[in-house]
Amino acid sequence: YAGRREDTFVAAAMLSRGAELDSFARARFLQAIEEAVSSGALTVVDSQLDDAEISPWVAVPAGSWQAGLTASRVLLTPVALEHLGPVTDARGPNFRPHWAAGSGPGRWRIWPLPWPAVLASASRWSHLLAFALVVAIATLALFIAVKIFETQPAVPPPPQPQPTNQPSPAPTPTPETPSSEGPPVPPIV
Numbered sequence: 399y400a401g402r403r404e405d406t407f408v409a410a411a412m413l414s415r416g417a418e419l420d421s422f423a424r425a426r427f428l429q430a431i432e433e434a435v436s437s438g439a440l441t442v443v444d445s446q447l448d449d450a451e452i453s454p455w456v457a458v459p460a461g462s463w464q465a466g467l468t469a470s471r472v473l474l475t476p477v478a479l480e481h482l483g484p485v486t487d488a489r490g491p492n493f494r495p496h497w498a499a500g501s502g503p504g505r506w507r508i509w510p511l512p513w514p515a516v517l518a519s520a521s522r523w524s525h526l527l528a529f530a531l532v533v534a535i536a537t538l539a540l541f542i543a544v545k546i547f548e549t550q551p552a553v554p555p556p557p558q559p560q561p562t563n564q565p566s567p568a569p570t571p572t573p574e575t576p577s578s579e580g581p582p583v584p585p586i587v
């Protein structure tokens with residue numbers, strides 16, 4: 399990516415989606431940046447290198463599109479090991495890192511997040527009005543809850559047994575009548 403940052407033309411180099419997940423590719427990218435800066439070949443305008451949740455990136459000054467492309471290649475060539483020549487005669491398929499299929503930019507985010515233009519005109523009065531509205535709603539909810547439980551009918555206490563001084567009547571005996579067939583049948587109570 400090439401663009402401008404505060405009247406300075408910059409080129410940004412960022413790992414791809416597949417390379418950002420490979421710890422060795424990240425380490426080679428960081429090492430390439432460190433070597434280029436320590437040798438004086440590149441200066442860093444801005445960077446995000448230590449956040450594990452997004453892809454590392456670096457912005458370097460570039461006078462033209464071609465200079466930006468060259469600076470980015472200097473930083474990204476070691477990641478894919480393209481700077482190493484073949485050790486022996488090539489026999490078989492070409493070497494590709496396991497993450498080469500994960501093309502496209504890595505995870506990124508705009509930080510700090512842009513402030514919404516709709517909320518830019520929020521004043522103290524609008525915040526105070528919102529707070530007053532929340533307090534009014536909470537008060538109304540409390541009032542409704544009190545009224546609901548206030549109109550509940552009172553539960554009457556269980557009746558207390560009344561003490562009586564009258565003696566209980568004695569049970570009356572039932573006359574037994576002999577039956578001519580089978581055992582006697584008890585009375586149904």
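If you read the sequence shown in my numbering, its first letter stands for residue 399, the second for the next number, and so on.
Beta carbons: idealized from backbone N, C-alpha and C, even for Gly.
- With respect to the 7 Å criterion, A460 and A469 are classified as neighbours on the basis of their beta carbons.
- S462 and T406 have their alpha carbons spaced roughly 11 Å apart.
- The C-beta distance from P454 to L413 rounds to 6 Å, short enough to meet the 8 Å contact threshold.
- The continuous stretches of beta strand (DSSP E) do not include A539, which lies in the alpha helix (DSSP H) extending over residues R522 to E548.
- When DSSP states are grouped into helix, strand and coil, V458 belongs to the strand group.
- Under the DSSP assignment, T406 falls in the beta strand (DSSP E) whose first and last residues are T406 to M412.
- The beta-carbon separation of A409 and A417, rounded to 18 Å, does not stay under the 8 Å limit for a contact.
- Where G466 is concerned, the enclosing alpha helix (DSSP H) starts and stops at W463 to L474.
- Rounded to whole angstroms, the gap between the alpha carbons of G438 and A478 is 23 Å.
- Within the same chain, no residue comes within 8 Å of A539 by CB-CB distance, once the 5 residues on both sides are set aside.
- Straight-line measurement puts the Cα of P585 at about 58 Å from the Cα of V544.
- Note on A434: 16 or more other CB atoms within 10 angstroms of its CB, so buried under the neighbour-count rule.
- The C-beta of F529 has fewer than 16 other C-beta atoms within 10 Å across all chains shown, which makes the residue exposed.
- Take the alpha-carbon of S421 and the one of L428: they are about 11 Å apart.
- Looking from the CA of R426, the closest CA among P581, I546 and T475 belongs to T475.
- One thing to note: A536 has its Cβ no nearer than 7 Å to the Cβ of L473.
- Here L527 is exposed. Its C-beta has fewer than 16 other C-beta atoms within 10 Å.
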